[in-house]
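Asker:
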Amino acid sequence: MKRRDFVRSSALAAGGVALVRTPPGRAAAQGPPFKPASRLPSVDPATRDLLLEALDAATSAGAQYADARVGLYLDQRVGTREEKVTNVSEESSLGLGVRALVNGSWGFAASNELSRAAAARAGRAAAATGAANARAVRSPVALAPVESYGEVGWSSDYEIDPWTVPLGDKAEYLLGLNRTALATKGVSFVNSSLHFVKIEATSATSEGTIAAQRIIRTNPSMSITAVAPDRSDFQTRGAVLDPVGRGWEFVRSRMTTGAVEVWASEAVQKLSAVPVEPGAYDLVLHPSHLWLTIHESIGHPTELDRALGYEANYAGTSFLAPPSEVLGRLRYGPDFMQIVGERTSPGGLASIGWDEEGVKAEEWPIVKDGIFVDYQTTREQAAWISDLTGITHSHGCSHCQSWEHIPFQRMPNMNLLPAEEEISEEDLISATDDGIYIESRGSYSIDQQRYNFQFGGQVFWEIKDGKKTRMLRDVAYQARTTDFWNAMDMIGGPRTYQVGGSFYDGKGQPGQVNAVSHGCPVARFRQIRVLNTGAGGRG
Amino acid sequence: METIRRRDAIRRAVRGRGLSPADRLSPPEQAFGLTEEQARDLAHRILSRSGADGLEVELESGRRSNTRYAVNRVTTAGSSDDLSVRITARFGNRAATVTTNRFDDESLTAAVRGAERLARLAPENDERMPLLGRQTYAEAPGYYASTADLDAASRAGVAASAISAARESGGLDAAGFLECSAGSTALANSAGLFAFHAATDFDYSVTMRTDDGTGSGWAGSGGRQWAGVDSEALHARAIEKAVLSRDPRPLEPGKYPVVLEPRAVADLVELLAFSLSARAADEGRSAFAAGGGGTRIGEQIVDSRVTLLSDPVEMGAAPFSSPVGFGGGFVSDDNGLPLGQQVWIEDGVLKSLFYSRYWAERQGVRPVGFPSTLIMQGEDRSLEELIASTERAVLVTRLWYIRSIDPRTVAFTGLTRDGNFLIEGGRISHPVNNFRWNDSPLSVLSHLEALSRPERVSVTRKVPALRAGEFNFSSVSEAV
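Top to bottom, those sequences are chains A and B.
Following our numbering, the numbering of the first sequence begins with 1 at its first residue and continues without gaps.
Following our numbering, the numbering of the second sequence begins with 1 at its first residue and continues without gaps.
1. Taking Cβ positions, are residue 426 of chain B and residue 389 of chain B nearer each other than 8 Å?
2. Name the chain B residues whose beta carbon is nearer than 8 Å to that of residue 476 of chain A?
3. For residue 394 of chain B versus residue 302 of chain B, is the C-beta spacing smaller than 8 Å?
4. Identify, in the order they occur along the chain, each residue of the same chain with its Cβ nearer than 8 Å to the Cβ of residue 287 of chain A, setting aside the five sequence neighbours on each side.
5. Return the CA-CA distance between residue 282 of chain A and residue 525 of chain A, expressed in angstroms with no decimal places.
6. Check each residue of the region 77-91 of chain B: if its Cβ is closer than 9 Å to any Cβ of chain A, include it; give the result in chain order.
7. With which residues is residue 282 of chain A paired in a DSSP beta bridge?
8. Any idea if residue 319 of chain B is buried or exposed, counting beta-carbon neighbours within 10 angstroms, 16 or more meaning buried?
9. Can you give me the C-alpha to C-alpha distance between residue 239 of chain B and residue 385 of chain B, rounded to a whole angstrom?
10. To the nearest angstrom, how far is the alpha carbon of residue 499 of chain B from that of residue 277 of chain B?
11. Might you give, ordered along the chain, the residues of its own chain that have their beta carbon closer than 6 Å to the beta carbon of residue 212 of chain A, omitting 5 neighbours on each side?
12. Check distances from the C-beta atoms of the region 209-234 of chain B to those of chain A and list, in chain order, the residues that come in under 7 Å.
13. With a threshold of 8 Å between beta-carbons, can residue 65 of chain A be considered close to chain B, or not?
14. Starting from the beta carbon of residue 103 of chain A, find every residue of chain B whose beta carbon is closer than 7 Å, and list them in chain order.
15. For the region 118-140 of chain A, list every residue whose C-beta sits within 9 Å of some C-beta in chain B, in sequence order.
16. Which two residues bound the contiguous alpha helix (DSSP H) that contains residue 315 of chain B?
17. From residue 91 of chain B to residue 128 of chain B, what does the alpha carbon distance come to, in whole angstroms?
18. Any C-beta of chain B sitting closer than 8 Å to the C-beta of residue 451 of chain A?
19. What is the residue span of the beta strand (DSSP E) that residue 82 of chain B lies within?
20. Three or more beta-carbon pairs under 8 Å between the region 390-405 of chain A and the region 80-100 of chain A, yes or no?
21. For residue 377 of chain B, count neighbouring C-beta atoms within 10 Å of its own C-beta (all shown protein chains included) and say buried if the count is 16 or more, exposed if not.
22. Against chain B, with Cβ distances strictly below 8 Å, would residue 308 of chain A count as a contact?
23. What residue range does the beta strand (DSSP E) around residue 288 of chain A cover?
24. Go ahead and pull the three-state DSSP assignment for residue 25 of chain B.
25. Taking the C-alpha atoms as reference points, what is the distance between residue 385 of chain A and residue 391 of chain A?
26. Let's see if you can read the secondary structure: which residues bound the alpha helix (DSSP H) around residue 485 of chain A?
27. DSSP state of residue 257 of chain B, grouped into three classes?
28. Mind checking if residue 88 of chain A is an interface residue toward chain B, Cβ cutoff 8 Å exclusive?
29. Check this for me: beta carbons of residue 135 of chain A and residue 264 of chain B, under 8 Å apart or not?
30. Of all the residues that make up the region 438-464 of chain A, which are near chain B by a beta-carbon distance shorter than 9 Å?
31. Does residue 177 of chain B get closer than 8 Å to chain A when you measure Cβ to Cβ?
32. Looking at residue 80 of chain B: is its Cβ nearer than 8 Å to the Cβ of residue 68 of chain B?
33. What residues in its chain sit with their C-beta under 7 Å from that of residue 151 of chain A, if we drop five residues either side in the sequence?
34. Compute the Euclidean distance between the alpha carbons of residue 212 of chain B and residue 308 of chain A, then round it to the nearest angstrom.
35. Which residues share a DSSP beta bridge with residue 431 of chain B?
36. Where residue 344 of chain A and residue 102 of chain B are concerned, what is the direct C-alpha to C-alpha distance, given to the nearest angstrom?
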């Protein structure tokens, strides 16, 4: 079966999804800063010709605006299982996509063929599709103004390009870590893998910006399974690390022998963990877990297209609607809650120089002092709320998965800022009488308006009288989005701030994935409903 | 309107062989994707370049097109043409894969050399099986001109009809998506295997929402053949559900009898597919692992009216295992393994699990391919008759955001969506709020009470509606 058939036909297809971000005005939280290896790409003359040909064909065929991109998308994967390498692969895809706005309506065409004739055909086809759609349009699309930047370049902030490291070295690196995991008594299985992405893309708009950009992303993963001696149970420690917009140096510094020893021992401990007693608990959520709750319960509902019904047939709508009733009015959480959207953080998965519409990356507040103040926007969307926000420009959230996908609004990096004072994780735990501490992402599910969610995790510890006591299992918590965030009563300081993220945030039809990062400190939430997911989840 | 011709790219791809591709476009109705002849020629062009012990070539080609509408307007539409190849080189037990969409001589040579280079780097894998040789496959016709011919103007016409219906119904917003593809998949290797399948597919869904935000209705269909799809009937069904679901009444969470419509049944039953791994069961990592070792094959696992099978011929799907589209690094020794009708659960008894060639050899059984299609058998009654025979149950249109919470019991969590109603005395009495549910398809199928006739709900799924005595709704979802 084709993967896309399975995904498309399935309700599993719902959109879902560590690095260091320096919160504004605060020091880097973790480890030494990575040195940038900025080798800024420049616009290749042959690529420029193709893009201009496509834009010219689209505008000559009636488009009032067009954008186009030529991109080379590289993926490299190494996967292992126990002492075996299960796969080694490289993928590359090169092509051109053109989007045209005709009579206020969008059309798109893409081809893997790279010639001036093919570029012109794609430009005309995009314009023709736009014209065909204009019959089903009431109000024409209007684009927010943007500066013309000319030819510009941008690169991810990485130290070692993963493509310069031999694949054999990568495989050996993983096999060495597998040996470490298997040396732990009780561990029966281990899977580990590395997935690297490199994108060399040049985008152009009919308004005079051509941006050559290089994106490097790294996704290390490992899952360690312990099976009970009598086969009555098995437990897995997975989701050990999250992807980042950095290079090979991230693997070397974070996927270490010492770290694997901890994860392996957690897998074994999970076998003897105590089933959680359902009830209300105070939750202390580690950043390796909390980032996904931010993604699902703040990231998705603040997509403006979604709030206005553009995703109604797929991912759903949003409780943050209509904008006139929630912007500047809705209390998301406590006064100290600050959420920012940004595409500028070094190492951020959604970080970029210029978006697909030629808008320069920026940072802006989404939740300020606990109040919801702004959405994520593209140029088409900015004017929909500018009378409410006073902001007339796009926040630069136009993105497409590859040359063959239509650009649309996608999530930027979104972060919960830490407290200004140095509050430690220990401070949160010692202030908690009856709670549960949760690390890393587990199962997650949220409804189509982002009210009701349920999250699991990887490692759960009981907190009694200010101390982590014993490991728990089968824990999931359910809550209503704004109840949950308003129950947040403590957050850690800059030293507890960490960044998580995903390669696979899904949205749109046809589905496109987007890589996105979320930074946050450790945080505590009072009296959240916890259930036991054992016994078929029916308990 | 769509002026990029797939054939142009095909002509260039096969030019190296001096063919006249137009003569070889047969059957003539296959307008997109490589034909069997073209695929065979291109595969041989690639296979002949390698000095590896073994080489596998997987070609995927064709056009994907879509039109999307929301808030009563077309929002995006477009099409994309591509031809890509996955090349897997082997040296003994070492193997690696390179994927590219460039087909000039220089790029192909570079890709083959790249795969060989990576394969030499890849450490030994003693689970590697030798390449499959020549195989015989069933005929599984799946290419339909009515789907391949759905151009931008035709798709915009479907969107316009949904939008008109929404406006005429007063105060409704239409959002929908029509996607179609036409093309082919081919596999070839240096041991003489060649497999080819040309197919079209479509997926159409529509959501209608009331302007007060309290009602939402969904309808959809999927398959290989667009001809015969009554899109206006789907629009009418979504409108009816939206209007009926307005102002839902509160219903407490708890365990309720349910009637699941076919889409919801497909959402639930397909969760079993990945659990049907024989290896995971043998290794004690699955719900189908027997307590004392081995698997639960032969055990009654659900109600005796449940029969679940795969059948690529009936579904027009590729009659062979193929990793194309799975993405990236999945080097499988099962590529090209013939797929026929395969029964997984019969009369409630677990009959089979899927076995890779490696695991099959180790266990001394024949290999069984992954369930790429799923068909669940039903009983001879309509959904309406099923509802009429129901005293009290929650009627569920579809499920959403489903995630695993416990692989040991195949337990999942998810939500209901786009039409949740209470049935009382054999009729829909009123809409109710949506729920989060936590349950296992094995539990639902064990509480089975009745089935309807199966219907095609997507390109790879054909299932009935069902009534089950118990479904665990764990909390209320305010979402509409």
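The C-beta atom is built at its ideal place from N, Cα and C for all residues, glycine as well.
Answerer: By the coordinates alone:
1. Taking 8 Å as the Cβ cut-off, residue 426 of chain B and residue 389 of chain B qualify as a contacting pair.
2. Within chain B, the C-beta atoms nearer than 8 Å to that of residue 476 of chain A come from 405 and 413, in chain order.
3. The criterion of a C-beta distance shorter than 8 Å is not satisfied by residue 394 of chain B and residue 302 of chain B.
4. Around residue 287 of chain A: 18, 496, 497, 498, 499, 500, 519, 520, 521 and 522.
5. When rounded, the distance between both Cα atoms is 6 Å.
6. Residues passing the 9 Å Cβ filter: 77, 78, 79, 80, 81, 82, 83, 84, 86 and 88.
7. Bridge partners of residue 282 of chain A: A:435.
8. Classification for residue 319 of chain B: buried.
9. Using only the alpha carbons, I get a separation of about 21 Å.
10. No statement about residue 499 of chain B is possible, as the shown extent of chain B runs from 1 to 480 and does not include it.
11. Excluding residues within five positions, the ones whose Cβ falls inside 6 Å are 41, 42, 43, 153 and 202.
12. When C-beta distances to chain A are compared with 7 Å, the residues of the region 209-234 of chain B below that value are 209 and 222, in chain order.
13. The C-beta of residue 65 of chain A comes no closer than 8 Å to any C-beta of chain B.
14. Within chain B, no residue comes near residue 103 of chain A; the closest Cβ sits about 11 Å away, beyond 7 Å.
15. Here the close residues are 118, 121, 122, 124, 125, 126, 128, 129, 130, 131, 132, 133, 134, 135, 136, 137, 138 and 139.
16. 312-315 is the extent of the alpha helix (DSSP H) around residue 315 of chain B.
17. Approximately 11 Å, taken between the alpha carbons.
18. True, the Cβ-Cβ gap to chain B drops below 8 Å.
19. 73-91 is the span of the beta strand (DSSP E), which, as asked, contains residue 82 of chain B.
20. Note that the region 390-405 of chain A touches the region 80-100 of chain A; at least 3 beta-carbon pairs, one per stretch, sit closer than 8 Å.
21. With 16 or more other Cβ atoms from the protein chains shown falling within 10 Å of its own Cβ, residue 377 of chain B counts as buried.
22. Interface annotation, residue 308 of chain A: in contact with chain B, CB-CB separation under 8 Å.
23. It is not in any beta strand (DSSP E) - residue 288 of chain A instead sits in the alpha helix (DSSP H) that spans 287-294.
24. Here the model assigns residue 25 of chain B a pLDDT of 34, short of 50, so the residue's position is not dependable, and the following value carries that caveat. Note: residue 25 of chain B maps to coil in three-state DSSP.
25. Approximately 8 Å, taken between the alpha carbons.
26. Per DSSP, the unbroken alpha helix (DSSP H) holding residue 485 of chain A starts and ends at 481-486.
27. In the displayed model, residue 257 of chain B falls within a strand according to three-state DSSP.
28. By the rule that beta-carbons nearer than 8 Å mark a contact, residue 88 of chain A touches chain B.
29. Going by C-beta atoms, residue 135 of chain A is not nearer than 8 Å to residue 264 of chain B.
30. Here the close residues are 442, 443, 444, 445, 446, 447, 448, 449, 450, 451, 452, 453, 454 and 456.
31. Answer yes: the Cβ-Cβ gap between residue 177 of chain B and chain A drops below 8 Å somewhere.
32. Not in contact: residue 80 of chain B and residue 68 of chain B (Cβ atoms no closer than 8 Å).
33. So the qualifying residues of the chain are 43 and 210.
34. Cα-Cα distance, rounded: 13 Å.
35. Residue 431 of chain B pairs with B:421.
36. Rounded to the nearest angstrom, the two C-alpha atoms are 33 Å apart.
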